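Residue numbers (the numbering used here): 59 to 187.
Glycine residues also receive a C-beta, built at the ideal position from the N, C-alpha and C atoms.
Only a predicted model underlies this, so the values are computations on that prediction, with no experimental measurement involved.
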Ligand code: MN
C-alpha cells in the first residue's frame, strides 16, 4: 500500500475546485489539481493518483474526451473516475457511465454527499491496493 492516498481533481471553475480540494483534504487525502483536460491527463500519467474527479464541461478537451483518453491507457484505466456535472437529464447520466466514468456527482456539489462518496471509494481503493 502506498504511504498516502492521492486524488487528482480536474475542474476549471475555481470555486468548485476550492470546495472539492478542501473536502478531499479534510478527509486526510492529498490533492493534485488541473484546470483543463490536457493538464489533467499529464498529471494522471505523472502521479498515478488513486482516484480522479473530473468536471465534464472543460475548456479544450472536455470530460468525455478525458475519460476516453484515460480508459485507453492500460496503466490508468483502472483508476476510479468520478464525473462532476451539471448535466441533469437521466440520459446525460447514462452517457457518462457509457463513456468511461465509473461514478458521477451532480452539481451543485453537496458537501456531505461528495465527502461520503469520495471516502467510500478511497477506502475501497486502499483495501484493493
Ligand atoms: Mn467546467
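field: residue 94 beta carbon near ligand 1 (any heavy atom closer than 7 Å)
entry: Indexing the chain shown from 1 puts residue 94 at position 36. Result no, Cβ not under 7 Å from ligand 1.
- prompt: Can you list every residue whose CB sits closer than 6 Å to some heavy atom of ligand 1, going in chain order?
  reply: Cβ-based neighbours of ligand 1 within the cut-off: 70, 71, 113, 115 and 116.
query: Which whole-angstrom value is the C-beta distance of residue 162 and residue 143, which I expect to be below 8 Å?
result: Position 104 of the chain shown holds residue 162. Position 85 of the chain shown holds residue 143. About 6 Å separates the two Cβ atoms, so the contact holds.
- prompt: beta strand (DSSP E) containing residue 154: first to last residue?
  reply: Position 96 of the chain shown holds residue 154. Here residue 154 belongs to no beta strand (DSSP E); instead the alpha helix (DSSP H) covers 148 to 156.
query: Apart from the five residues on each side of it in sequence, which residues of its chain come closer than 6 Å, Cβ to Cβ, to residue 108?
result: Along the chain shown, read from residue 1 onward, the residue named residue 108 stands at position 50. 63, 64 and 183, listed in sequence order.
query: So, is residue 73 buried or exposed, given that buried needs 16 or more other C-beta atoms within 10 angstroms?
result: To locate residue 73, count along the chain shown from 1; it is residue 15. So residue 73 ends up on the exposed side.
- prompt: CA-CA distance, residue 96 and residue 118?
  reply: Walking along the chain shown from the start, residue 96 turns up at place 38. Walking along the chain shown from the start, residue 118 turns up at place 60. Cα-Cα distance, rounded: 8 Å.
message: Could you give the first and the last residue of the continuous alpha helix (DSSP H) run that contains residue 103?
response: As a working note, residue 103 is residue 45 in the chain shown. Residue 103 -> alpha helix (DSSP H) spans 95 to 105.
message: Among 167, 121, 179 and 116, whose alpha-carbon lies nearest the alpha-carbon of residue 158?
response: Walking along the chain shown from the start, residue 158 turns up at place 100. For the residues 167, 121, 179 and 116, the minimum Cα distance to residue 158 belongs to 121.
task: Measure the alpha-carbon distance for residue 133 versus residue 106 and round it to whole angstroms.
output: Residue 133 sits at position 75 when you count from the first residue of the chain shown. Residue 106 sits at position 48 when you count from the first residue of the chain shown. When rounded, the distance between both Cα atoms is 8 Å.
field: residue 85 in three-state terms, based on DSSP
entry: By 1-based counting over the chain shown, the position of residue 85 is 27. Reduced to three states, the DSSP call for residue 85 is coil.
Neighbourhood of residue 127 by C-beta distance below 6 Å, restricted to the same chain and skipping five residues each side: Locating residue 127 in the chain shown gives position 69, where the first residue counts as 1. If the five residues before and after residue 127 are omitted, its C-beta is found closer than 6 Å to the C-beta atoms of 99, all from its own chain and listed in chain order.
field: As assigned by DSSP and simplified to three states, the class of residue 167
entry: In the chain shown, residue 167 corresponds to position 109, counting from 1. Shown here, residue 167 sits in coil according to DSSP, grouped into three states, outside any helix or strand.
- prompt: Taking DSSP as the reference, what is the three-state secondary structure of residue 73?
  reply: Against the chain shown, residue 73 aligns to sequence position 15. Residue state, collapsed to three classes: helix.
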